[in-house]
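Chains as they are written, first to last, in my numbering: chain S, 1 to 221; chain G, 222 to 442. Think of the CB as a built atom: it goes at the ideal place given N, C-alpha and C, for glycine as much as any other residue.
Number of protein chains: 2
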Amino acid sequence: MMSIVNGPSASGSTADAGASPSLPVRIRRPGREAVRRRLLDAALQAFAEFGFENASLDQVAAAAGLTKGAVYSNFAGKDDLFFAMMSDQVMRRVEAVQAVLAANPVDAQPRQTLQDVGRVLTEAFTEQRDWQLVYLDFWRRAIRDDEVRARFVAHRKVLRGAIADRVEQVLDGAPTPGGFTVDDVVTVVLALSNGLVIEQYVAPEFVSDGLFGRVLDRLSD
Amino acid sequence: MMSIVNGPSASGSTADAGASPSLPVRIRRPGREAVRRRLLDAALQAFAEFGFENASLDQVAAAAGLTKGAVYSNFAGKDDLFFAMMSDQVMRRVEAVQAVLAANPVDAQPRQTLQDVGRVLTEAFTEQRDWQLVYLDFWRRAIRDDEVRARFVAHRKVLRGAIADRVEQVLDGAPTPGGFTVDDVVTVVLALSNGLVIEQYVAPEFVSDGLFGRVLDRLSD
DNA sequence: GGTATTCAGTACCGAACAGTATCGCGAGCA
DNA sequence: TGCTCGCGATACTGTTCGGTACTGAATACC
Chain S
1 MMSIVNGPSA
11 SGSTADAGAS
21 PSLPVRIRRP
31 GREAVRRRLL
41 DAALQAFAEF
51 GFENASLDQV
61 AAAAGLTKGA
71 VYSNFAGKDD
81 LFFAMMSDQV
91 MRRVEAVQAV
101 LAANPVDAQP
111 RQTLQDVGRV
121 LTEAFTEQRD
131 WQLVYLDFWR
141 RAIRDDEVRA
151 RFVAHRKVLR
161 GAIADRVEQV
171 LDGAPTPGGF
181 TVDDVVTVVL
191 ALSNGLVIEQ
201 YVAPEFVSDG
211 LFGRVLDRLS
221 D
Chain G
222 MMSIVNGPSA
232 SGSTADAGAS
242 PSLPVRIRRP
252 GREAVRRRLL
262 DAALQAFAEF
272 GFENASLDQV
282 AAAAGLTKGA
292 VYSNFAGKDD
302 LFFAMMSDQV
312 MRRVEAVQAV
322 LAANPVDAQP
332 RQTLQDVGRV
342 LTEAFTEQRD
352 WQLVYLDFWR
362 RAIRDDEVRA
372 RFVAHRKVLR
382 GAIADRVEQV
392 LDGAPTPGGF
402 TVDDVVTVVL
412 ALSNGLVIEQ
422 YVAPEFVSDG
432 LFGRVLDRLS
442 D
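In structure tokens form, the structure reads like this:
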């Protein structure tokens, strides 16, 4: 198995073997944060590739270039690793969304429509396949386990809030032609997003370009 | 464990204990079909309640009032049971849809809209929670396994056909205001259906009454 | 520079479970 | 009535995997 110190960037060949042992130039053990980071990334990958129950901790650890000892040294168990990974991802994604919002203020694009929201999300779910898969696994567990559901609802609340902000900016107080509330629109955005992921991953030929955005556009005209 | 002969309908108390042994009135072993039926129904329940990988064959068999021996006597293994159950359900559901169509011919309801389609499907996914859950499990496995995907696509084709028929009846050749093709509408129907299931099961307060139908209505006006 | 502590690696345990081999009962036929 | 065979029950096996106990090395502290 590949040791972490033999990873792509680190190597023991620089200046330690036989050098004056008083100098503290040796193979540094990777910091706690780096190990945690590797495990979280590997968990996303493995859980996405095999599904939560089918991915073993040995696989996750191996994908991170570590062993199960590292997992139990940094997390309480498989569940804890899963939740930590989800939180980590949600945090990253919220930051990314805020960056996009900052780069594209609504004032600068007066003709912005819900179609843009659709486009952004469509890009997101083709690029972020791993995330989509683990998110649906998250939901799947939330259905059956109260503790998981509580965490899921909490995460979802953040997500709804972010989307609601954007929708309100777009609608700008005007009522929708179909009489949809902002909550309705947010629900449809989330449902269509997840539903189209389901379609797309298994039969992409039926999800035409821009379909998501065009549907959303019909809701606000 | 409950034996199958002590189930709700069958009972050994009628007329056998000590009766003339020449008369063939005794505890009849349930026929092959009945055993199969029980197993398929139990599989739907168990796979829905725990998910495919978390449901054990012992659980399934026990829920059917049988043992694992009955499973392996009727199916090649866990996968085979799963696929048989899915096919069985799809067949049942197509029959049900056709019955509804026969009872409500489109001629009799000229003002029928996509909203009706939405209403029917909304009822379906609140009533048929078990089916929705195993269907999403089906999809989840299809993503990761080529054989499962082939079966999924085949089932999906049947489903798309049934929905497309209905949509064409409703649209009656008229173009949609947003320029959506029939395939587009079918995709949106499926995506919204699955997406709203996801929303509804975990946070029903955000899925307002008739939301599905109202969205679909905006697509056809 | 020696000692304590932290942290990942290693070996191991027990439970769960898919699948198999075998048994025994009941059915149906002669 | 006896014989055979179909079929589900039962007991068992091999493996996988989450979790634990312990080890050894590297760092921090004195």
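Per the Cβ contact rule, the region 153 to 173 of chain S is in contact with the region 84 to 95 of chain S (3 or more Cβ pairs under 8 Å). For the set G:L265, G:G252, G:V409, G:F427, the Cα lying nearest the Cα of G:V338 is the one of G:V409. Judged by their CB atoms, S:W139 and G:V355 are not nearer to each other than the 8 Å cut-off. A check of alpha carbon separations from G:S294 across G:V403, G:L260, G:R340 identifies G:L260 as the nearest. Taking 8 Å as the upper bound for CB-CB distance, G:L278 and G:K289 are in contact here, some 5 Å apart. For a Cβ distance threshold of 9 Å, nothing in chain S lies close to G:T343: the least Cβ distance comes to about 12 Å. Counting every other CB atom within 10 Å of its CB across the protein chains shown gives G:E316 a total below 16, marking it as exposed. Using a Cβ-Cβ cut-off of 8 Å, G:G434 does not count as an interface residue toward chain S, since no Cβ of chain S sits closer than that to its own. The three-state secondary structure of G:G252, taken from DSSP, is coil. Taking a C-beta cut-off of 8 Å against chain G, the contacting residues of the region 194 to 208 of chain S are N194, G195, L196, I198, E199, Y201, V202, A203, F206, V207, S208, listed in chain order.
In the three-state reduction of the DSSP assignment, S:P204 falls in the helix class. The Cβ-Cβ distance between G:D405 and S:L211 falls below 8 Å. Taking the Cα positions, S:V170 is about 37 Å away from S:A42. Taking every protein chain shown into account, the CB of G:N415 has 16 or more other CB atoms within 10 angstroms, so this residue is buried. If you check each beta-carbon in the region 352 to 372 of chain G against every beta-carbon of chain S, the ones closer than 9 Å belong to L354, L357, D358, W360, R361, R362, A363, I364, R365, R370. Here S:T176 carries a coil assignment [DSSP, helix/strand/coil]. S:D209 sits exposed, since fewer than 16 C-beta atoms from the chains shown fall within 10 Å of its C-beta. Annotation for S:A142: V148, R149, F152 place their beta carbon closer than 7 Å to its own, counting only its chain and skipping 5 residues before and after.
Close to chain G, meaning a Cβ-Cβ distance shorter than 8 Å, are the following residues of the region 167 to 196 of chain S: P177, G178, G179, F180, T181, D183, D184, V186, T187, V188, L190, A191, L192, S193, N194, G195, L196. For S:V153, the chain G residues whose Cβ falls inside 9 Å of its Cβ are V423, A424, in order along the chain. G:A375 is classed as exposed because its beta carbon has fewer than 16 other beta carbons within 10 Å across all chains shown. In the DSSP assignment, S:D165 falls within the unbroken alpha helix (DSSP H) covering 146 to 171. Going by DSSP, S:F52 is part of no alpha helix (DSSP H) at all; its letter is neither H nor E. Looking at the backbone, the Cα of G:V256 and that of G:F268 are separated by about 18 Å. For the 8 Å CB-CB criterion, S:V215 and S:L192 form a contact. In the structure shown, G:Q349 falls within a coil segment according to DSSP collapsed to helix, strand and coil. Counting only the Cα atoms, G:R340 lies some 24 Å from S:G213. Against chain G, a Cβ distance below 8 Å from S:G51 picks out E274, R361, R365. The residues V428, in chain order, have a CB closer than 7 Å to that of G:Q421 in the same chain once the five nearest residues on each side in sequence are set aside.
G:L440 reaches chain S at V215, R218, counting residues in chain order whose Cβ is nearer than 8 Å.
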